[in-house]
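Its first residue numbered 185, the first sequence is counted upward by one per residue in the numbering used here.
From the three backbone atoms N, C-alpha and C, an ideal C-beta is built for every residue, glycine too.
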Amino acid sequence: MPELPEVETIKMGLEKYLVGHRVEKIEVRLKKILSGGEEHLVGGKIIAVRRFAKVLCLDFDNGYSALMHLKMTGQPIYRGPNLKTPTHLSEKIVGGLPGIHTHVVFHLDRGGNFYFNDFRRFGWIKVVKTQELKGDVFVGKLGPEPLRDLTEEMFEQIVSKTKKSIKVLLMDQTKIGGVGNIYANDALFLAGIHPKRAANSLDQNETLNLFKSIEKVLKDGIKYGGASEHAYVTSEGLEGRYQEHFLVYDRAGLPCPNDCGEKIQKTNLGGRGTYFCPKCQK
DNA sequence: CTAGGATCCTGTCAGC
DNA sequence: TGCTGACAGGATCCTA
Numbered sequence: 185m186p187e188l189p190e191v192e193t194i195k196m197g198l199e200k201y202l203v204g205h206r207v208e209k210i211e212v213r214l215k216k217i218l219s220g221g222e223e224h225l226v227g228g229k230i231i232a233v234r235r236f237a238k239v240l241c242l243d244f245d246n247g248y249s250a251l252m253h254l255k256m257t258g259q260p261i262y263r264g265p266n267l268k269t270p271t272h273l274s275e276k277i278v279g280g281l282p283g284i285h286t287h288v289v290f291h292l293d294r295g296g297n298f299y300f301n302d303f304r305r306f307g308w309i310k311v312v313k314t315q316e317l318k319g320d321v322f323v324g325k326l327g328p329e330p331l332r333d334l335t336e337e338m339f340e341q342i343v344s345k346t347k348k349s350i351k352v353l354l355m356d357q358t359k360i361g362g363v364g365n366i367y368a369n370d371a372l373f374l375a376g377i378h379p380k381r382a383a384n385s386l387d388q389n390e391t392l393n394l395f396k397s398i399e400k401v402l403k404d405g406i407k408y409g410g411a412s413e414h415a416y417v418t419s420e421g422l423e424g425r426y427q428e429h430f431l432v433y434d435r436a437g438l439p440c441p442n443d444c445g446e447k448i449q450k451t452n453l454g455g456r457g458t459y460f461c462p463k464c465q466k
């Protein structure tokens, strides 16, 4: 599922392909996906692509923006001029492109198309005035982001203020922006902290260690172009490679990467699959 | 305040 | 082989 590194990878691609292009027509095939009125975007030129935690944002020259949340299976894909491998597409794009799971199509000038695919239909696109972005019910409530504005001091504050389990806290978008299940699991492993620990039970050393571990796994995620273990593909429709570097995520029953002799265990926390090494994570 | 369950959806996979 | 049912998961909402 697309988290900060995946959305950042997509963002960099879309920046390359969409900026400077005008939207000639928008096809909304599934109404519930797009709210706020696609008509505001038609005729507008895309002047910037931004990312707020896991949310993508296309800014138009007419004062409107399109916010996009991919949830688990959203796939924003560009097809058209400038692509190095225009014919190649990942098998993770189920139903073809455009296909049965293509819910919104942005027709661009110069023959490009921007597709929003989502076979689970949880993702959304919201059209808002650029000036009112921060008032959006989702974007406005996002917490500070690692690798951007989350400092060690802020992290210590956030962690010390709750007895919620540390993993659930890491994934709470209103507290910390951008971290999802994959990177929360791997960061906790790297820091040697058990996912069920109460956040406020971490000492200063553990908190600092976790802060650095989060930055490390997110940077690795970006370095490898994101994790394509489920539906994630880049804006070119290609796969990332972080799944080849998972530490504990999705590795139940496999040996601990520290070679401690234990096997990775899977449990459930906050309704999410949670992976950890019972020996290395205290 | 916190924990846990239900909800939205459909591809995938285990079990028969 | 083919069908059925359980399951996963980001975020929200509801109940305990």
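On the three-state DSSP scale, how would you describe N266?
-> Translated into the one-based positions of the first sequence, residue 266 becomes position 82. Reduced to three states, the DSSP call for N266 is coil.
F306 to T257 span [Cα, whole Å] | In the first sequence, counting from the first residue as 1, residue 306 sits at position 122. In the first sequence, counting from the first residue as 1, residue 257 sits at position 73. Each residue's alpha carbon lies about 8 Å from the other.
What's the gap between the Cα of K345 and the Cα of M338?
-> For the purposes of this step, residue 345 is taken as residue 161 along the first sequence, with counting starting at 1. For the purposes of this step, residue 338 is taken as residue 154 along the first sequence, with counting starting at 1. Answer to the nearest angstrom: the Cα atoms are 11 Å apart.
When the distance is taken between beta carbons, is I366 closer than 9 Å to M185?
-> Walking along the first sequence from the start, residue 185 turns up at place 1. Walking along the first sequence from the start, residue 366 turns up at place 182. Yes. Within cutoff.
Name the residue from E222, F373 and L438 whose alpha carbon lies nearest to the alpha carbon of E208.
-> Counting from one through the first sequence, the residue named residue 208 turns up at place 24. Ranking the options by Cα distance to E208, first place goes to E222.
Spell out a yes or no on whether the stretch 343–362 and the stretch 378–391 are touching, meaning 3 or more CB-CB pairs, one atom from each, closer than 8 Å.
-> In short, these stretches touch, since the Cβ pair count reaches three.
If you run the structure through DSSP and keep just helix, strand and coil, what is A237?
-> In the first sequence, the residue the question calls residue 237 occupies position 53. Coil, per DSSP.
Should I448 go down as buried or exposed, given a rule of 16 or more other Cβ atoms within 10 Å for buried?
-> For the purposes of this step, residue 448 is taken as residue 264 along the first sequence, with counting starting at 1. Label assigned to I448: buried.
Residues near G228 by beta carbon distance below 8 Å, same chain, minus five either side | If you number the first sequence from 1, residue 228 lands on position 44. R206, V207, F244, D245, N246 and Y248.
Relative to the C-alpha of L218, which residue among E329, D333, N266 and T286 is closest?
-> Within the first sequence, the letter at position 34 stands for residue 218. Answer by Cα proximity: T286.
Residue range of the alpha helix (DSSP H) that includes V352 = Here residue 352 refers to the residue found at position 168 when the first sequence is read from its first residue. Its alpha helix (DSSP H) spans residues I350 to L354.
To which residues does DSSP link N452 through a beta bridge?
-> What you label residue 452 is simply residue 268 of the first sequence in a count that begins at 1. G457, per the DSSP bridge assignment.
Which partner residues of L331 appear in the DSSP bridge assignment?
-> By 1-based counting over the first sequence, the position of residue 331 is 147. DSSP output for L331 lists no bridge partner at all.
So, A237 versus G405, is the Cβ gap smaller than 9 Å?
-> As a first step, residue 237 must be located in the first sequence, where it is residue number 53. As a first step, residue 405 must be located in the first sequence, where it is residue number 221. In this structure, A237 lies away from G405, with their beta-carbon atoms at least 9 Å apart.
Distance between beta carbons of P282 and Y299, contact taken as under 8 Å | Within the first sequence, residue 299 is the residue found at index 115, counting from 1. Within the first sequence, residue 282 is the residue found at index 98, counting from 1. 6 Å between Cβ atoms; contact.
Can you grab the Cα-Cα spacing for the pair L198 / V239, in whole Å?
-> On the first sequence, residue 198 is found 14 positions in, with the first residue counted as 1. On the first sequence, residue 239 is found 55 positions in, with the first residue counted as 1. Approximately 13 Å, taken between the alpha carbons.
Give the single residue among Q315, T451 and A415 whose Cα lies nearest to the Cα of I277.
-> Stepping through the first sequence from its first residue, residue 277 is reached at position 93. Selected option, being the one with the closest Cα: A415.
For L374, count neighbouring Cβ atoms within 10 angstroms of its own Cβ and tell me buried if that reaches 16, exposed if not.
-> In the first sequence, residue 374 corresponds to position 190, counting from 1. With 16 or more Cβ atoms within 10 Å of its Cβ, L374 is classed as buried.
Kindly identify the DSSP beta-bridge partner or partners of A382.
-> Indexing the first sequence from 1 puts residue 382 at position 198. Answer is S349, bridged to A382.
CA nearest to the CA of D293, picked from K348, V311 and V203 = Against the first sequence, residue 293 aligns to sequence position 109. Ranking the options by Cα distance to D293, first place goes to V203.
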